[in-house]
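Have a look at the structure below before the remarks.
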Amino acid sequence: MKVELTINRRKGIFEVEPNELLINLLREKIRLTGTKYGCGIGMCGACTVLLDGEPVLACLTLAVDADGGEVETIEGVAREGKLDDLQEAFLEEGAVQCGYCTPGFIMTAKALLNENPSPSEDEIRGYLKGNYCRCTGYVNIIKAVQRAAEKRKRIGKQEI
Amino acid sequence: MADHNSFHFLGKKTIRKDGLAKVLGAEKYASDLSIPGMLYARVLKSPFPRARVKSIDVSKSEGMGAVVITFIEMPRIRFCPRLVSTPEATYKDWRVLSGNPLYVGEPIAAVASESEEDAQRALEAIEVDFEVLEPYMNALDSLKGGEGLLHENVVFNEKEIQVENNIACRLEITEGDVQKGFSESDVVIEREFRTNRRYHNQLENKSVLVSPEVDGGVSLWSTSQTIHNTRLLLHEIFGIPVSKIRVHKAALGGSFGSSIQTNTIVPIAVALALKARRPIKLSYTREEDMRDHSSYQMIFRMKLGAKKDGKLQAGELNMIMDIGAHQVQAYPLLGCVVGWWVSLYKLPNLRYVGKAVYTNKVPSCALRGYGNPQTTWATESMMDELAEALGMDPLDLRLKNYIGKGDLFWGQGPTVKSIINSCGVEEILRRGAELIGWENRPKPFAQRGRFRRGIGLGRGYHTSSAGSPIPGTVIDYTGAILKVNEDGTLDYITAMMDQGGGTLDAHAKIISEEIGVPVDNVNVVVADTQTTVYDVNTHASRGVYAGGGVALMVARQVKAKILEFAGRALEAYPHALKIRPDEELGQAVIYAEGLTSKQITLGELASMARVKNWGTIAAVESLRPGSCPPHFTGYFIEVEVDTETGKVKPLKVVAGADIGTVINPDLAAGQIHGGFAMGWSMAILEDTPYSESGDLLNQGMMTDYKTPTTLDLPKLDDFKVFFVETYEPSGPFGAKGIGEGALNPVAGAVANAIYNALGIRFYVLPMTPNMILKALKDRERIK
Ligand code: FES
Ligand code: FES
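Chains as they are written, first to last, in the working numbering: chain A, 56 to 215; chain B, 383 to 1165.
Listed below in C-alpha cells is the structure:
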C-alpha cells in the first residue's frame, strides 16, 4: 500500500504493508533511528513522535493510519542547525544520561509546552508519566522542561 | 588537600560531549546500526524451564531460504561469558546454543533471513521434539536435589569438575572466634531476609550487529560494557585470531551490569555471520530481553552481637543465592557479598558461608551494586533492630561501628584488601540528620490514623574499581592513549564505555585540568579493540577512579612533551614554562610568565613539530589501581504509608555522598537521583516471580514489571543531594566513584522508614501493598 506522509517537513510517498507500524517505517525504511524501540507495547514512550502535533506512540500506530499526516520525529526538532529550547535545556540541566529515553521525552515535552506553555511541576509529571527512564530518576528531566518553558516565556517565544 | 576553587574545570558544570548527538536523535546505539546486505536474525528459545531436545528438524526453514544454526553444530566448548576474574575463579557452564535448555528463554537454534518477518517465519518452521523435565524453581529445592543435577559437571580452570547438590560454588570465611564473640555480647539478634529477583530494565534491549570480514575475522558492534572481553570471549569460542576480531564501541542505552558479560546473542550472531558470510543483525525484543538476564536473589540468615555500649562483637552470615541456570561468575560474588558485609561495620569475630545455587530460572548477573544493595538492605535493617534492642539512637550505633579512614577494607572480597584513606561518613550522617529533622522523627507505635509517616536511615558505600595492592583473583586494569593534533586539539582514546554517567566527560576534564587545555579541545574518540589498549570493563564504579587515573597519567606525559617542544620553540627552559587554557583563542597557550614575546599556542607548536620533524606529542599508558577506595553514601528517607491501601509514598529524600573531588557536579547528582529511583523500586516495586509452568509470570511484559514513573517519586524540592568535601589521595585529583554507592543504601533506608511509620519490620522484598496490609491485619488480630 502507498501512504503519503510529511516527515520532518518533507513530503514522501512510502510503500508499506497494511500491518506495518510507524516505528518500523521510520527506523527500518527511512533510517530515522532517533525514534527508539523500548517495549513495543506502549509502556515506555521511547517511540514517541508527533503526528499532526499530537504525541503518539509509533510502536502502536500503523503507518497507514498516519496517511496524509505530518510526522515530526526527534530528527526534525532542531531547525536550521539550531537546537530547540528543550534540546538545549536537556543538555544544560544534565537531563541526558544514557540518552535512550531522551528523544521520547523531548517529543512528549514539546507537545506539553505547545498545549501548556507554563506547566506546574505536577502538570509536567502528569504529562510525562508515560515516558520511562531508568537512569535519571526524572529529576533533571523535569528541571529541563521547566527551564525550557521559562526560557520561552522570557523571550516571548511561541510554539513553532 | 587541593584547593577545590583552584581547579579550572573540575567541579564545574560542562555540557556532556555525547549530549548533542543524543538530543538530536543522532546518537547510534547498537540497535540503531545497519550494514547494506545484512540479514536479520531471530533466536529459537526453549519454552520449558528444563528439557532435553530429542530431535530438531530445520529442513523447512532452510527450504524457505533461511540460514539456520542449531546447538548440534556449535563449537563443543563450554565458556563463561564474563571475563573479569582470573581462570582459577571462573566456572564455565555456557554453550552458544544448548540442547539441554535450563530456563525458559535459553537459545537452542537461530535463523537469519532477508527481513525480520521472514526470519520469524523461518523460526516458526523449525520442528523440535522436547523431553520435558521437572524443573527446580527455587534454590532450596535445588539443594535437596530430588530431580537430579542441572549440571553434572562444569569446567573449572580447564578441568571438568563434578557439581554437588546443585551448588555452583561456595565460599566460607572465618575470622576470630564467633562463639566467643556472641557469648561476650549483651544483645544478640538473628534474622532471615529474602530479596527479590529484579530485572535490569535498561531501556535498550540487547542488540548486536556482526559483519564477517574477508580475512576470516569479524567486526561487530554490540550492547557491551567491555569491547576487549567481548573480543577475548569470541576468540575463546570460535578460535578466530584475536587481532581479526574487531569490536567497536557503540553508545549504550543503559545496562546496569547486564552487559559486563558478553550478551547471549553475541556469539549466536557471530556463528550465523560465519555461516551465512553476510552481516547479521540480532536485536532482542523486550519480552526476550526480560528472559535473558536478572539480578541475584539472595536469602540471608544474619546474626549480630553487641555489647551494651553498642560495640559490635561478632557477626555471622549464611547466604544462599539463586543464580538461575548458569554462572555469570557467581564465585567472585560470593566473595563480594562477605566483603560488602564486613566492610560496613567492624566485626572483630565473623563467620560467613555463601552458596551459589543453580535453579531453572533466567541466569543472574550483576545489577548495579553486585549484591551490595541486597547485603546492605539486610545489614541496615539489622542495625536498626540492634539499636532498638540496645535502646540506642540508630545514628549513634552506626557512628560507633562504621569502617572509615585508617581501617582495613575488603569491599570487593577477601582477595581485594586495602586501607581507607578518605572518608566522609560522619559528615554525611550528621548533615543528613539535620536536613531531614532526625531528632523529631516519629516514634514507632505512636501513630494512629490512616496515613502514617516515618523517617529511615540507611548508609553504605561501594568500591571505586576492584584494585588492590596485590593481584588477587579480580582483573582490574585499564589504559589510555592521548595525542596532540596539528591544530592543538587532542584525541583521547579509551576502551572504557560511558553508560550515561558522564565517565568519559570526567576523563576529558581531568586531561584538561592537568594540561591546561579547554575541555572542548579534548576529543573522545569512538574507538575499537584494535585501536585501544586493554580495559577490563566499565563496571565496579571504576570509570572515574581507574579510567580517570590513567587519563591523568597520559596527560602528565603529554604535558611534559608539550613543555619540552615549547622549550625548543621558544628558546626557553621547559620547566619554567606554563600552560593556560585561553578562552579567546580557544586553545592552550604555552608561555613564559612575564615575557609576552615568549608564547605559542598548542596548535602552532604541534604544527611546528610537524614541519621540523620533531614528531607527534603522544602517550600511551596502562594502570592497575593499587586500591579500590570506597565512596560513601547515606540516605535519610521520609515515607508515608496509607494503612488502608498499603501503599507507600516517598515524601522526602536527603542524600549525602563522599565521592572525593567532584568532577561533574550535575552528572554526579544525576547518579544519586537515578540511584534513589532504582533503590526505591527495589524496596517497593520490582520482582520477577515465576509461574507454575516455570516461565516469568509477567511473560516478559513491561506492563507487569513495575519501575517508578514521574508520578512515583518525590517532588524536586523534596529531594536534596549534597556532597561532603574529601580528597582521595590515590584518585585522579582526589576523585572516587559514585555509580553504585548511589543505590546501595536505599532499600535499607526505606525499610527503616516503614518500620518507623508502622512499627512493623519486613524481611522480604519488595514490600508490596499486599504484604503491608496483611502485616497490619495480623497485628490487629494479635492485639
Ligand atoms: S516502544 Fe513504544 S511505548 Fe515502548
Ligand atoms: S537517560 Fe537512560 S533511560 Fe533515560
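All C-beta atoms, glycine included, are put in the ideal place defined by N, C-alpha and C.
Check, Outcome
"Tell me the DSSP secondary structure of valine 1132/B in three-state form.", "helix"
"Determine the chain B residues that contact glutamate 176/A at a beta-carbon separation under 9 Å, and present them in chain order.", "Lys1097, Leu1098, Asp1099"
"Relative to the C-alpha of threonine 741/B, which candidate in Pro730/B, Ile705/B, Tyr713/B has its C-alpha closest?", "Ile705/B"
"Is there a Cβ from chain A that is less than 9 Å from the Cβ of asparagine 587/B?", "yes"
"Note down the Cα distance separating arginine 580/B from glycine 997/B, rounded to an integer number of angstroms.", "53 Å"
"If you draw a straight line from the alpha carbon of serine 622/B to that of serine 524/B, how long is it in whole angstroms?", "The displayed chain sequence assigns isoleucine, not serine, to residue 622/B. Approximately 38 Å, taken between the alpha carbons."
"Apart from the five residues on each side of it in sequence, which residues of its chain come closer than 7 Å, Cβ to Cβ, to asparagine 905/B?", "Thr871, Leu872, Asp873, Tyr874"
"Please list, in chain order, the chain A residues whose beta carbon lies closer than 7 Å to that of glycine 635/B.", "Cys153, Tyr155"
"For glycine 838/B, which residues from the same chain have a beta carbon less than 6 Å from its beta carbon, with the 5 sequence-adjacent residues on both sides left out?", "Ile1019, Ala1131, Asn1134, Ala1135, Asn1138"
"Please tell me whether, using a cut-off of 8 Å, the distance from the CB of tyrosine 187/A to the nearest non-hydrogen atom of ligand 2 is below it.", "yes"
"Does the distance between the C-beta of cysteine 156/A and the nearest non-hydrogen atom of ligand 2 fall short of 8 Å?", "yes"
"In the DSSP assignment, the beta strand (DSSP E) including proline 1012/B goes from what residue to what residue?", "1012–1024"
"Mind checking which residues open and close the beta strand (DSSP E) that includes asparagine 535/B?", "535–538"
"What do you reckon, is the C-beta of leucine 115/A under 8 Å from a heavy atom of ligand 1?", "yes"
"Roughly how many angstroms separate the alpha carbons of phenylalanine 1115/B and serine 804/B, rounded to a whole number?", "13 Å"
"How many angstroms separate the CA atom of glycine 1119/B from the CA atom of aspartate 1040/B?", "9 Å"
"Using C-beta distances below 6 Å, list every residue in its chain close to lysine 206/A, excluding the 5 sequence neighbours before and after it, in chain order.", "Asp140"
"Taking 9 Å as the CB-CB cut-off, is proline 172/A touching chain E?", "In the structure shown, chain E cannot be found, because the protein chains are A and B."
"Find the nearest neighbour of alanine 651/B within the set Tyr678/B, Asp691/B, Leu602/B, judged by alpha-carbon distance.", "Leu602/B"
"Less than 9 Å separating the beta-carbons of leucine 749/B and serine 640/B?", "yes"
"Can you find the residues in the same chain that come closer than 7 Å, C-beta to C-beta, to glutamate 109/A, ignoring five residues on each side of it along the sequence?", "Ala166"
"Between valine 856/B and alanine 848/B, how many whole angstroms is the CB-CB distance? I'm expecting something under 8 Å.", "4 Å"
"Does the beta carbon of isoleucine 555/B sit closer than 9 Å to a beta carbon anywhere in chain A?", "no"
"For lysine 404/B, go through chain A and note every residue whose CB falls closer than 7 Å to its CB, in chain order.", "Val151, Gly154, Thr157"
"Any chance you could list the residues with Cβ under 6 Å from a heavy atom of ligand 1, keeping chain order?", "Tyr92/A, Gly93/A, Cys94/A, Gly95/A, Gly97/A, Met98/A, Cys99/A, Gly100/A, Ala101/A, Cys102/A, Leu112/A, Cys114/A"
"Cβ closer than 7 Å: which chain B residues qualify as neighbours of glutamate 127/A?", "Ordered by position in chain B, no residue passes the 7 Å Cβ test against glutamate 127/A, which lies about 11 Å from the chain."
"Would lysine 845/B and alanine 877/B be called neighbours here (beta carbons separated by less than 9 Å)?", "In the sequence as displayed, the identity of residue 845/B is threonine instead of lysine. No, these two residues do not count as a Cβ contact at 9 Å."
"Let me check you understand the geometry: is the CB of glycine 226/A closer than 8 Å to at least one non-hydrogen atom of ligand 2?", "Here chain A comprises residues numbered 56 to 215, so residue 226/A is not present and cannot be evaluated."
"Count Cβ pairs between the region 824–833 of chain B and the region 882–900 of chain B that sit closer than 8 Å; are there 3 or more?", "no"
"In this structure, does DSSP put lysine 690/B in helix, strand or coil?", "coil"
"May I ask you to list, following chain order, the residues of the region 860–886 of chain B that have a beta carbon less than 7 Å from some beta carbon of chain A?", "Gln881, Gly882, Gly883"
"Under 9 Å, do valine 1106/B and glycine 1057/B count as touching if we go by C-beta distance?", "no"
"Does DSSP put lysine 91/A in a helix, in a strand, or in coil?", "coil"
"Give me the residue from Val1021/B, Lys943/B, Glu895/B with the minimum Cα distance to valine 1002/B.", "Lys943/B"
"Please confirm whether alanine 412/B and serine 606/B have their CB atoms less than 9 Å apart.", "yes"
"Determine which residues share a DSSP beta bridge with leucine 426/B and list them.", "Ala491/B"
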